[in-house]
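Residue numbers (this note's numbering): 79 to 540.
Backbone N, C-alpha and C fix where the C-beta goes; we use that ideal spot for every residue, glycine too.
Now the structure itself:
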């Protein structure tokens, strides 16, 4: 009975951990590695295990850094079930299809360059067909239901409060008459954030694998964050510029639309044209609407009122490319929400090309920016950035609204950890190296729990 750490032990992205019990192999997540080119190149490397030998996958949620290599796992021989929340299954189809299309498009471009050099063509990481095969393997398990998935293995999903369908995973492993309970945090959301419930409390575990994305910092208080966003909107209107919001299509985009609906009058949003420029975010918003039972009390109340609220006639969904291009003819008065959230691709790239050098415009960063991404460069104050082969001066205002992050901060994570009445061993993953070490020390100092930062390939005997 053991756990072996693979992805997200060396970096933030690419979450992937293996459980072994009674001759069975269970994978916790199978995420895409994102960031620097040399990091992303690791995605095509062989898995450090036999894909066909994996008996089941347990998927915490749909974000690509947790789900993005599942189609590759399937194409390399995995045929077992993938257990996840029903909402995650719906979102995964949207996210993984988009990931496949982007990769296929990138490979076509690279192969044209390789052909000129008489180099052999590259294959895409996976195809849309692989995605369909993967989603067909997914079995929905609602929150709170304990389910036996293999002999000696039972799981239960609890609400992580991160994005729709996101889950913490309780795993009971039984071998030779002894049962050990492991808890995998997935990604832990903020407390008191809109739309979703707070992270669920779990009281018992022998071992906990916990994320640490924001394990060394605190988010700005939500009321101050909302006041800052309102001021950005007001000042930008006076300055006659546009507002660009790189946003993750799942979670952040829906939260922004929720806030824009709630504060439409108060923030003077009637004076703007608001664009959700992301087919994936539009589809994800439709899926969010189908799961009202996952909304918190405030969101449930607002949903009931929706037909009584003023229709947001200034909200535009731009699905096709031509409509997206026309947005860049607008010099002022546009709020543009577009993917991707780290500015490493997607339609936000083209809006940055048109607006980044304009001092009257604003760029509002609302989520984590991984090392090696364009978003990280912008947040860290780069004076010039390269976008699609061209250099652009960063003259637009740049604002980081940590209070809108879908990840809990240090105190949120500690609050969740303090919910354990037992004294579990803690293993810190899913964070930059220095952040993991600092958060591990914080756990030791604040709780006295035995805490380790595992390296890739480390095996823990359970």
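In this structure the region 225-233 does not touch the region 187-206; the number of beta carbon pairs closer than 8 Å is below three.
The Cβ atoms of residue 246 and residue 138 sit closer than 9 Å to each other.
The continuous stretches of alpha helix (DSSP H) do not include residue 245, which lies in the beta strand (DSSP E) extending over residues 245-253.
If you check the CB distance, residue 502 and residue 284 come in under 9 Å. In this structure, residue 480 sits away from residue 341, with a CB-CB distance that is not shorter than 9 Å. For residue 162, the enclosing beta strand (DSSP E) covers residues 160-162. Looking only at 165, 520, 119, 210, the smallest Cα-Cα distance to residue 157 is reached by 210.
Here DSSP, grouped into helix, strand and coil, assigns residue 436 to coil.
The closest CA to that of residue 119, considering only 101, 512, 127, 201, is found on 201. By the criterion of a C-beta distance shorter than 8 Å, residue 363 is surrounded in its chain by 331, 332, 335, 354, once the five residues flanking it on both sides are discounted. DSSP places residue 93 in the coil class of the three-state scheme, outside both helix and strand. When DSSP states are grouped into helix, strand and coil, residue 324 belongs to the strand group. Secondary structure note for residue 310: its alpha helix (DSSP H) is the uninterrupted segment 300-317. In the DSSP assignment, residue 394 falls within the unbroken beta strand (DSSP E) covering 393-395. Nearest C-alpha to residue 417 among 130, 103, 274, 180: 180.
Annotated three-state conformation of residue 368 is coil, per DSSP. Proximity to residue 95 across 287, 195, 456 peaks at 287, based on C-alpha coordinates.
Separation of the CB atoms of residue 281 and residue 533 is rounded to 30 Å, and the pair is thereby denied contact status at 8 Å. Taking the Cα positions, residue 235 is about 13 Å away from residue 266.
Taken through DSSP and simplified to helix, strand or coil, residue 205 comes out as coil. When secondary structure is reduced to three states using DSSP, residue 518 falls in the helix class. Your pair residue 289 and residue 507 checks out as a contact, with CB atoms roughly 6 Å apart and the cut at 8 Å. Listed in chain order, the non-local C-beta contacts of residue 133 below 8 Å within the same chain comprise 102, 103, 104, 158, 228, local neighbours out to five positions each way being set aside.
Annotation for residue 454: the continuous alpha helix (DSSP H) segment containing it runs 452-457. Residue pairing by DSSP leaves residue 484 without any beta bridge partner. Within a 10 Å sphere around the beta-carbon of residue 344 sit fewer than 16 other beta-carbons, which makes this residue exposed. In this structure residue 529 is in contact with residue 522, their Cβ atoms being roughly 5 Å apart against a cut-off of 8 Å.
Of the candidates 279, 269, 254, the residue whose Cα lies closest to the Cα of residue 261 is 279. Taken through DSSP and simplified to helix, strand or coil, residue 446 comes out as coil.
Contact between the region 322-329 and the region 427-440 is present, with at least three C-beta pairs closer than 8 Å.
Between residue 352 and residue 394 the beta-carbon gap is near 7 Å, inside 8 Å, which marks them as a contact. Around the beta carbon of residue 539, fewer than 16 other beta carbons sit within 10 angstroms, so the residue counts as exposed. When secondary structure is reduced to three states using DSSP, residue 282 falls in the coil class, being assigned neither helix nor strand. Between residue 149 and residue 212, the C-beta spacing is below 9 Å. With fewer than 16 other Cβ atoms from the protein chains shown falling within 10 Å of its own Cβ, residue 466 counts as exposed. Looking at the backbone, the Cα of residue 251 and that of residue 525 are separated by about 26 Å.
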